[in-house]
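So the protein sequences, as listed, match chains A and B.
Under the UniProt record's numbering, think of the first position of the first sequence as 1, with each following residue one higher.
Under the UniProt record's numbering, think of the first position of the second sequence as 1, with each following residue one higher.
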Amino acid sequence: MTSDARYAVELKGVSFKRGERFIFKDVDIVIPRGKVTGIMGPSGCGKTTLLRLIGAQLRAEKGEIWVAGSNVPALSRSDLFDLRKRMGVLFQSGALFTDLSVFENVAFPLRVHTALPDDMIRDIVLMKLQAVGLRGAIDLMPDELSGGMKRRVALARAIALDPEILLYDEPFVGQDPIAMGVLVRLIRKLNDALGITSVVVSHDLAETASIADYIYVVGDSQVLGHGTPESLMESDNPRIRQFMKGDPDGPVPFHFPAAKLADDLLGGGHA
Amino acid sequence: MAAASLQGSLLKLSGVLDHRSVVAVRQEAERLLRDAGQAVVVDCSGVEKSNSVGLSLLLVLKRAAAARQQTLRIQGLPHDLQQMAQVTELTELLV
Numbered sequence: 001m002t003s004d005a006r007y008a009v010e011l012k013g014v015s016f017k018r019g020e021r022f023i024f025k026d027v028d029i030v031i032p033r034g035k036v037t038g039i040m041g042p043s044g045c046g047k048t049t050l051l052r053l054i055g056a057q058l059r060a061e062k063g064e065i066w067v068a069g070s071n072v073p074a075l076s077r078s079d080l081f082d083l084r085k086r087m088g089v090l091f092q093s094g095a096l097f098t099d100l101s102v103f104e105n106v107a108f109p110l111r112v113h114t115a116l117p118d119d120m121i122r123d124i125v126l127m128k129l130q131a132v133g134l135r136g137a138i139d140l141m142p143d144e145l146s147g148g149m150k151r152r153v154a155l156a157r158a159i160a161l162d163p164e165i166l167l168y169d170e171p172f173v174g175q176d177p178i179a180m181g182v183l184v185r186l187i188r189k190l191n192d193a194l195g196i197t198s199v200v201v202s203h204d205l206a207e208t209a210s211i212a213d214y215i216y217v218v219g220d221s222q223v224l225g226h227g228t229p230e231s232l233m234e235s236d237n238p239r240i241r242q243f244m245k246g247d248p249d250g251p252v253p254f255h256f257p258a259a260k261l262a263d264d265l266l267g268g269g270h271a
Numbered sequence: 001m002a003a004a005s006l007q008g009s010l011l012k013l014s015g016v017l018d019h020r021s022v023v024a025v026r027q028e029a030e031r032l033l034r035d036a037g038q039a040v041v042v043d044c045s046g047v048e049k050s051n052s053v054g055l056s057l058l059l060v061l062k063r064a065a066a067a068r069q070q071t072l073r074i075q076g077l078p079h080d081l082q083q084m085a086q087v088t089e090l091t092e093l094l095v
């Protein structure tokens with residue numbers, strides 16, 4: 001079992017490399033049960049990799065990853081399959097099946113993972129679509145939906161099996177302000193009403209800070225800091241402060257490393 | 001272990017109602033419904049844990065009762081099912 005039942009997910013001393021480069025090095029993260037936890041950091045810092053480690057789509061080089069009471073790297077294939085049924089994922093792209101209707105997209109995990117009869121599958125699909133406000137779109141095809149509606153259908157599908165843990169991969173990317181507001185409200189509502197543990201990987205600061213109970217800021221293959229959104233805003237750490245306030249320059253410099261401007265322009269550098 | 005039992009017109013659901021257990025409980029509950037008289041009360045106070053399938057089971061029983069001209073009232077809905085009914089806007093349908 002996990003060392004502490006308050007946490008739905010625990011990463012202990014986790015390292016992960018791509019080639020010779022560490023994406024994470026000896027990282028410790030705890031995700032409180034029943035809360036919304038934001039994982040934030042600049043693009044390319046490994047946030048999605050972190051979700052894939054939790055979902056066991058990637059294997060860590062080192063360390064323990066406890067999810068819902070199981071150490072994921074130590075699980076057999078069939079135990080992993082069972083564990084994944086307890087986790088829902090909202091992919092960045094939505095990842096709807098383009099040849100299936102909205103109904104069939106949401107019904108898909110129920111058909112694959114349960115032996116429920118058709119009338120009960122229909123009940124559950126209608127319930128989930130009602131929760132995201134799209135019951136009326138049940139017969140539409142994905143290409144008839146706006147970007148925001150696609151994301152909401154994907155969310156209905158992600159909660160079809162009543163997961164304990166819901167992983168959101170950049171849920172706000174590419175959404176207009178209204179769709180973004182709808183998603184923010186839905187994530188919070190589903191979390192609170194259904195007792196789900198939510199992990200929101202995002203670089204959209206305002207939206208994530210508005211719903212997260214707790215935030216981890218990652219970068220440079222480490223956890224740079226963690227705390228409530230309010231405490232991180234007041235952080236003394238210049239890297240965290242730069243990210244939280246969106247300053248264009250700071251420890252992460254505005255300029256990509258280059259020769260001196262004068263050398264390039266006046267010193268007869270290459271054309 | 002999930003189960004359905006009948007005491008007069010009181011149809012009691014109990015145990016953990018999940019994706020695995022619900023199909024067998026449904027068959028038993030539908031069978032018992034036939035002998036439950038005109039005014040049936042479904043008591044959910046013995047349900048220890050459930051999810052969307054629990055709400056679907058209640059809808060199945062509502063439809064079955066309506067098809068047989070029985071009235072069906074639900075009582076003792078546990079907190080988790082109440083919360084789910086609220087999110088899915090089913091509260092008014094499950095009285």
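For every residue, glycine included, the Cβ atom is placed at its ideal position computed from N, Cα and C.
Owing to the predicted nature of the structure, the values given are computational and were not obtained by experimental measurement.
Margin query: What are the residues in the segment 124-156 of chain A lying within 7 Å of chain B by C-beta distance?
Written below: Within the segment 124-156 of chain A, the residues whose Cβ lies closer than 7 Å to some Cβ of chain B are 124, 127, 130, 131, listed in chain order.
Notebook entry, point to check: Three or more beta-carbon pairs under 8 Å between the segment 23-37 of chain B and the segment 124-134 of chain A, yes or no?
Noted result: Proximity of the segment 23-37 of chain B to the segment 124-134 of chain A falls short of the contact definition, fewer than three beta-carbon pairs being nearer than 8 Å.
Notebook entry, point to check: Any beta-carbon of chain A closer than 8 Å to the one on residue 88 (chain B)?
Noted result: Walking along the second sequence from the start, residue 88 (chain B) turns up at place 88. Closer than 8 Å to the CB of residue 88 (chain B) there is at least one CB belonging to chain A.
Check: Of all the CB atoms in chain A, is at least one closer than 8 Å to the CB of residue 52 (chain B)?
Finding: One-based indexing of the second sequence puts residue 52 (chain B) at position 52. Judged by the 8 Å Cβ criterion, residue 52 (chain B) is in contact with chain A.
Next item on the list: Give a yes or no on whether the C-beta atoms belonging to residue 47 (chain A) and residue 218 (chain A) are separated by under 8 Å.
Entry: In the first sequence, residue 47 (chain A) corresponds to position 47, counting from 1. In the first sequence, residue 218 (chain A) corresponds to position 218, counting from 1. Closer than 8 Å, so yes.
Notebook entry, point to check: Which runs of the alpha helix (DSSP H), 4 residues or longer, sit entirely within the segment 3-72 of chain A?
Noted result: You should have 47-54.
Note to self: Is there a C-beta anywhere in chain A that falls below 8 Å from the one on residue 107 (chain B)?
What the structure shows: There is simply no residue 107 (chain B) to check, as chain B begins at 1 and stops at 95 in what is shown.
Check: Does the Cβ of residue 38 (chain B) have 16 or more other Cβ atoms within 10 Å, making it buried, or fewer, making it exposed?
Finding: Residue 38 (chain B) sits at position 38 when you count from the first residue of the second sequence. By the neighbour-count rule (16 or more Cβ atoms within 10 Å), residue 38 (chain B) is not buried but exposed.
Checklist line | Short CB-CB distance (under 8 Å) between residue 8 (chain A) and chain B | finding: Your numbering for residue 8 (chain A) matches position 8 in the first sequence. Output row for residue 8 (chain A): interface = no.
Next item on the list: Look up residue 115 (chain A) in the DSSP assignment and say whether it is helix, strand or coil.
Entry: Your numbering for residue 115 (chain A) matches position 115 in the first sequence. Here residue 115 (chain A) sits in coil by DSSP.
Margin query: Please classify residue 183 (chain A) as buried or exposed, where buried requires at least 16 neighbouring CB atoms within 10 angstroms.
Written below: If you number the first sequence from 1, residue 183 (chain A) lands on position 183. Under this definition residue 183 (chain A) is a buried residue.
Check: Counting along the chain, where does the alpha helix (DSSP H) carrying residue 150 (chain A) start and finish?
Finding: Translated into the one-based positions of the first sequence, residue 150 (chain A) becomes position 150. Per DSSP, residue 150 (chain A) belongs to the alpha helix (DSSP H) from 147-158.
Checklist line | Residues sharing a beta bridge with residue 72 (chain B), DSSP | finding: Indexing the second sequence from 1 puts residue 72 (chain B) at position 72. Its beta-bridge partners are B:40.
Check: Can you tell me whether residue 84 (chain A) is buried or exposed, with buried defined as 16 or more other CB within 10 angstroms of its CB?
Finding: Residue mapping note: residue 84 (chain A) aligns to position 84 of the first sequence, counting from 1. Burial call: buried.
Checklist line | Residue span of the alpha helix (DSSP H) that contains residue 233 (chain A), given as start and end | finding: As a working mapping, residue 233 (chain A) is identified with position 233 in the first sequence. Element bounds for residue 233 (chain A): 229-233.
Check: Any idea if residue 260 (chain A) is buried or exposed, counting beta-carbon neighbours within 10 angstroms, 16 or more meaning buried?
Finding: Residue 260 (chain A) sits at position 260 when you count from the first residue of the first sequence. With fewer than 16 other CB atoms across the displayed protein chains lying within 10 angstroms of its CB, residue 260 (chain A) is exposed.
Item checked: Start-end ranges of the alpha helix (DSSP H) lying completely within the segment 186-223 of chain A, minimum 4 residues -> Taking 4 residues as the minimum length, the alpha helix (DSSP H) runs contained wholly in the segment 186-223 of chain A are 205-211, in order along the chain.
Next item on the list: Determine, using beta carbons only, whether residue 10 (chain B) and residue 47 (chain B) come nearer to each other than 8 Å.
Entry: One-based indexing of the second sequence puts residue 10 (chain B) at position 10. One-based indexing of the second sequence puts residue 47 (chain B) at position 47. The answer is no: Cβ separation not under 8 Å.
Next item on the list: Let me know if residue 157 (chain A) comes out buried or exposed under the rule of 16 or more other beta-carbons within 10 Å of its beta-carbon.
Entry: In the first sequence, residue 157 (chain A) corresponds to position 157, counting from 1. Counting other Cβ atoms within 10 Å of its Cβ, residue 157 (chain A) reaches 16 or more and is therefore classed as buried.
Notebook entry, point to check: Is the distance from the Cβ of residue 33 (chain A) to the Cβ of residue 56 (chain A) below 8 Å?
Noted result: Here residue 33 (chain A) refers to the residue found at position 33 of the first sequence. Here residue 56 (chain A) refers to the residue found at position 56 of the first sequence. It is not a contact, given that the beta carbons lie outside the stated cut-off.
Next item on the list: Please report the residue range of the alpha helix (DSSP H) in which residue 273 (chain A) lies.
Entry: Since the displayed chain A opens at 1 and closes at 271, residue 273 (chain A) lies outside it and no answer follows.
Check: Whose CA, out of B:73, B:70, B:81, B:35, lies closest to the CA of residue 17 (chain B)?
Finding: Counted from its first residue, the second sequence places residue 17 (chain B) at position 17. It is B:81.
Next item on the list: Can you grab the Cα-Cα spacing for the pair residue 171 (chain A) / residue 180 (chain A), in whole Å?
Entry: Here residue 171 (chain A) refers to the residue found at position 171 of the first sequence. Here residue 180 (chain A) refers to the residue found at position 180 of the first sequence. One alpha carbon belongs to residue 171 (chain A), the other to residue 180 (chain A), and they sit about 8 Å apart.
Notebook entry, point to check: Residues in the segment 183-209 of chain A with C-beta within 8 Å of chain B's C-beta atoms, listed in sequence order?
Noted result: Under the 8 Å Cβ criterion, the segment 183-209 of chain A contributes 189, 190, 193, 194, 195.
Next item on the list: Check whether the segment 205-221 of chain A touches the segment 16-35 of chain A, counting contact only when three or more Cβ pairs, one atom from each stretch, lie closer than 8 Å.
Entry: These segments touch.
Check: Does DSSP classify residue 165 (chain A) as helix, strand or coil?
Finding: As a working mapping, residue 165 (chain A) is identified with position 165 in the first sequence. DSSP, reduced to helix, strand and coil, places residue 165 (chain A) within a strand of the structure shown.
Notebook entry, point to check: Is residue 52 (chain B) helix, strand or coil when you go by DSSP?
Noted result: Numbered from 1 along the second sequence, position 52 holds the residue referred to as residue 52 (chain B). The answer is helix: DSSP assigns residue 52 (chain B) an H, G or I state.
Checklist line | DSSP-derived helix/strand/coil call for residue 7 (chain B) | finding: Stepping through the second sequence from its first residue, residue 7 (chain B) is reached at position 7. Of the three classes helix, strand and coil, the one that applies to residue 7 (chain B) here is strand, per DSSP.
Check: Interface residues of chain A around residue 59 (chain B) at Cβ under 8 Å?
Finding: The residue you call residue 59 (chain B) lines up with position 59 of the second sequence. Result: 123.
Note to self: Going by DSSP in three states, residue 174 (chain A) sits in which element: helix, strand or coil?
What the structure shows: Here the question's residue 174 (chain A) lines up with position 174 in the first sequence. In this structure, residue 174 (chain A) counts as coil in the three-state DSSP scheme.
Notebook entry, point to check: When Cβ atoms are compared, which residues of the segment 86-99 of chain A fall closer than 9 Å to chain B?
Noted result: Legend: CB atoms of the segment 86-99 of chain A lying less than 9 Å from CB atoms of chain B are not found in any residue.
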